[in-house]
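Chains as they are written, first to last, in the working numbering: chain A, 507 to 1446; chain B, 207 to 457.
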């Protein structure tokens, strides 16, 4: 054999590693950006980072292609063609900012509500909300209303936190993990890492999802549930556990409102808690039979018996709960058909939950003291953990379904105990500890408080004197009383209709509302381009900021081009959507590891510049000049409360402050030195039982999460919901419109319920027999992946996956296309057979489809020609019911967009179909055509 | 034609855990990133933003459905790259000696400067693990990150293939199969690791761990503490409430 070649086994990897935070999705992993000759050569995961511990997903590793994307905008753009055409001219930043200031200044002086400022998937909501508050418009929110507000709100109202950014499974200890619904694009690396840990230990994973892909593919047991019935399935599990007595009574007594006495007397207090003179809820003390304050010392709260007062017996919450869920209506046999899950399988899953929870309990020899002052020698937990996200949430019964899931977790005593579900600071945080929503606007003045919050009763709704919604999206109105994240998906249609009022300027950031982020996409594009009798646009002005040539860009009058995530400062803040772990406090930054090579600016710095031009309070000095040089300056020096700022680490003049401390001018440098993040472990005695753990509460105060300890009990029974029901029953001064009374009485039930989704209830199953869903692929995120030369080769089009049953019934053959029809619209797609699928469900990938001309893709790209959005089939309103009203296609509690309620019928498309319908006209591209081929290598 | 070494000192390779792989493609893109920037020519993408993008990848993930008579269908994600076979037909078929198997560790490589792009090796590989680069017209394949695993410019802990370092689920493992006590050897022994298509006689070094049983949950119905109704003398309330009352007394 000839001499073996000797390749270079130690090539130089980089000149320097710059550690920042990924933004290829919302996971916020730490990345090592390997630089060669000042250029980005390679990206991998930061091993020291708390979120990803070195691993990185496909998106993160493809970040270099996002950074180099040909779809990057190059300069500010002013529209020269008609809206939607994509015809622009490039202008200077000075012209762009002057124009924006000229448009906004008179609005602030006369009618600040005429600015509607909504942001998409950014991670600077505490900043953009602060800006909007200073401007004085009530019309601000981010994208939660069309994403997962059902999950967030149900979690906060039930137990002070939900999944993902609120909490996580105890991956190291859990022995049984139940994963509900679509969850593969959120928190994705931590979940993958966690699943890997479970697999290593042989823990059982149960996946509840109509589609067996991704995580469900590796689930030990797959439950191919019918969409929209998760709540019914969960309550059947609750039924089984109650029937068998497999619940943690001690936990319920100590840590929940299960013993609280519910007022049974007729009248305006009916269904609220009995309270003492100090307003403290009462419980029955088993030792005396008397009603006493819930936190009185040395009592034995009862769960079984009530107290009789003036001939009326007031029962504890727990009795209301058991009376409901022990009903045969929730028996596995009663729900099996509807859920598409055989009853024996429901019983087996309930039995497995009970077995693991009560026969494999975990005890950690760690003493701790609860808020009552009682010392416990150990921490005992029930190692059953659960996780859910948008799949459960994006239904018109999603709020109550998420409540039901938390009820299940709490009944077995698995929340904040070892092996169960654990909160991440600053959670747990009950609704009372959050602000109320505000919409008080006065010309020339800031708003009277934060926009979003958690109403505790009808008095906190945002309604004017005539009981009309104060917000353009009608958030916090009777149509969606607990819309804690706003309702971005209603903004364009309401603004177009002038309902509840007309606006002047629609200002959007990073929200592709002319495409995959809106229901009813085709009509939304028409609303954005519609003109009045004078030929003026019905929505007079649209300002948009994005880094890329997205579909929404084409509909803007003024485009403010953002940088890529490697060219900017950001803070992933405790004030916002933090990256904490269950065992640690953490936040992080992005910083410009390279400078932009285009005339673009980071949006947050632009917003500060605009704020200074408008003279907004907090953004200018006394002499009227700009207070902050840029966003980095704001991150270091802004204080939300004295000593509390966007970043919690390295505070104070010496950089030793943790959570609290004066601004530190070297703070960002310290973060960069530390790998782009800051991390502090929670003390051992404070690691579990956080809502009730005195050590945790004191630590949280020391770190600035609260200003005083906030212990609380979990709300199995949610009294705020009951207050809305009472209003619907006619009590109180603030009354809902009559047409909403029945719905509020049903949906605002203080105990979790299940009802069919509005679409299921109103749809003839013979006409629309199938459910239709989307999933976002793990290797793609929203729209951003399609411009990515590497990722689009993994997912470049949207086949429609149909079950073997549908495949046979419709006589499909390989290569066929299908027409999918809903009551609202019609699309065509190529079909693919998939048997690991609920037989009555079809699905495709979300957000792969693109409008021709967008994202610097070729007009014949498969993303345009062989892909479509289910959005075309979904309307923001339900079909007319004949009552003269149009009902929102949303959850009636939170207003969350009910994307996954969709029902369709399927037919074989005519032979020869090769291009998807609908085909929208191409938009002109504001960026040059890319080169044909790519072979990127940085020669250092 | 090119000859194979009769023996290699070590047998470096991968164990891929099909029980744990969620099909996220992290390994695919991490590999693409490292190998575009390192060993040999960059991995090209032809028609990168066009109608038919076609790039070079050294590792791809395929997804299969497995239908079963009495249980729900399974889905298996199957990452595939060069298996660094002991009897590598891609090497013996190479007319120029460009393809070779390293004596010291068994890694199969292509010496690009000797590759004439004839493509015989890709035809010979029964696994479809080699790809002709569209721009350079040289054969590309998994190098097991030979320029990472010995790279003195990388910290010790990073001297593993990019796909292994990045795999979020921990489904990929790297090591020496010649050492029976190595992590990979022990995994294969413990989990019944298998050769891919052993009938091909290629003696692949990489091993796959098969998916564990799925949908096996068969627990007897939940034994109830309160139903059927316990008829305990002296207990006035029966059924659930009776159980509740007695349970509360014990707390």
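Quick reminder that beta carbons are idealized off the backbone N, C-alpha and C, glycines included.
If you ignore the 5 residues before and after residue 384 of chain B, its C-beta comes within less than 6 Å of the C-beta of 216 and 217, all in its own chain and listed in chain order.
The C-beta separation of residue 1263 of chain A from residue 1407 of chain A comes to about 4 Å, placing the pair in contact by the 8 Å criterion. For the pair of segments examined, the region 1298–1316 of chain A was found to touch the region 1334–1352 of chain A: the number of CB pairs separated by less than 8 Å reaches three. Beyond the five residues adjoining it in sequence on each side, residue 1444 of chain A comes within less than 6 Å, by CB distance, of 542, 545 and 547 in the same chain, given in chain order. Residues of the same chain with a CB within less than 6 Å of the CB of residue 869 of chain A, apart from the 5 flanking positions on each side, are 884 and 886 in chain order. Spatial neighbours of residue 211 of chain B in its own chain (CB-CB distance under 7 Å, excluding positions within 5 residues in sequence) are listed in chain order as 307 and 309.
Of all residues in the region 853–866 of chain A, only 853, 854, 855, 856, 857, 858, 860 and 861 place a beta-carbon less than 8 Å from a beta-carbon of chain B. Rounded to whole angstroms, the separation of the alpha carbons of residue 1023 of chain A and residue 1403 of chain A is 11 Å. Here residue 247 of chain B is not near residue 387 of chain B, since their CB atoms are 8 Å or more apart. Think of a sphere of 7 Å around the beta carbon of residue 238 of chain B: the chain A residues whose beta carbon falls inside it are 1296, in chain order. Interface residue (Cβ-Cβ distance to chain B less than 8 Å): residue 607 of chain A is not classified as such. A Cβ-Cβ separation of about 15 Å leaves residue 539 of chain A out of contact with residue 372 of chain B under the 8 Å criterion. Residue 718 of chain A has a beta carbon lying within less than 8 Å of a beta carbon in chain B.
DSSP places residue 1323 of chain A in the strand class (E or B) of the three-state scheme. Taking a contact as a CB-CB distance under 8 Å, the pair residue 1334 of chain A and residue 1415 of chain A counts as one, their CB atoms being some 5 Å apart. In the structure shown, residue 573 of chain A adopts helical secondary structure according to DSSP, grouped into three states. Apart from the 5 residues on each side of it in sequence, residue 793 of chain A sits with its Cβ closer than 6 Å to the Cβ of 806 in its chain, given in chain order. By the C-beta density criterion, residue 273 of chain B is exposed, having fewer than 16 other C-beta atoms within 10 angstroms. Annotation: residue 529 of chain A is outside any alpha helix (DSSP H) and is labelled neither H nor E by DSSP. Closest by C-alpha distance to residue 1138 of chain A, out of A:1219, A:648, A:697 and A:1095, is A:1095. A straight-line Cα-Cα distance of about 22 Å links residue 659 of chain A and residue 1091 of chain A. Beta-bridge partners of residue 750 of chain A (DSSP): none assigned. For residue 540 of chain A, the secondary structure class from DSSP, reduced to helix, strand or coil, is strand. Counting C-beta pairs closer than 8 Å gives fewer than three between the region 1312–1330 of chain A and the region 1235–1251 of chain A, which falls short of the contact rule.
Excluding its 5 nearest sequence neighbours in each direction, residue 798 of chain A has C-beta neighbours in its own chain below 7 Å: 788, 789, 791 and 805, listed in chain order.
For residue 306 of chain B, the chain A residues whose Cβ falls inside 8 Å of its Cβ are 510 and 511, in order along the chain.
Chain A has no Cβ within less than 8 Å of the Cβ of residue 416 of chain B. For residue 316 of chain B, no alpha helix (DSSP H) encloses it; the enclosing beta strand (DSSP E) starts and ends at 314–316.
When DSSP states are grouped into helix, strand and coil, residue 339 of chain B belongs to the coil group. Fewer than three pairs of CB atoms, one per stretch, sit closer than 8 Å, so the region 817–830 of chain A makes no contact with the region 843–855 of chain A. In the three-state reduction of the DSSP assignment, residue 445 of chain B falls in the helix class, which pools H, G and I.
Exclusion of the five residues before and after residue 680 of chain A leaves 704, 709, 889, 890, 891, 925 and 926 as the residues of its chain whose Cβ lies within less than 8 Å of its Cβ. Residue 1200 of chain A places its beta carbon 8 Å or farther from that of residue 592 of chain A. Residue 449 of chain B and residue 430 of chain B have their C-alpha atoms roughly 10 Å apart. Straight-line spacing of the CA atoms in residue 251 of chain B and residue 743 of chain A works out to 51 Å. In this structure, the alpha-carbon of residue 418 of chain B lies about 44 Å from that of residue 1019 of chain A.
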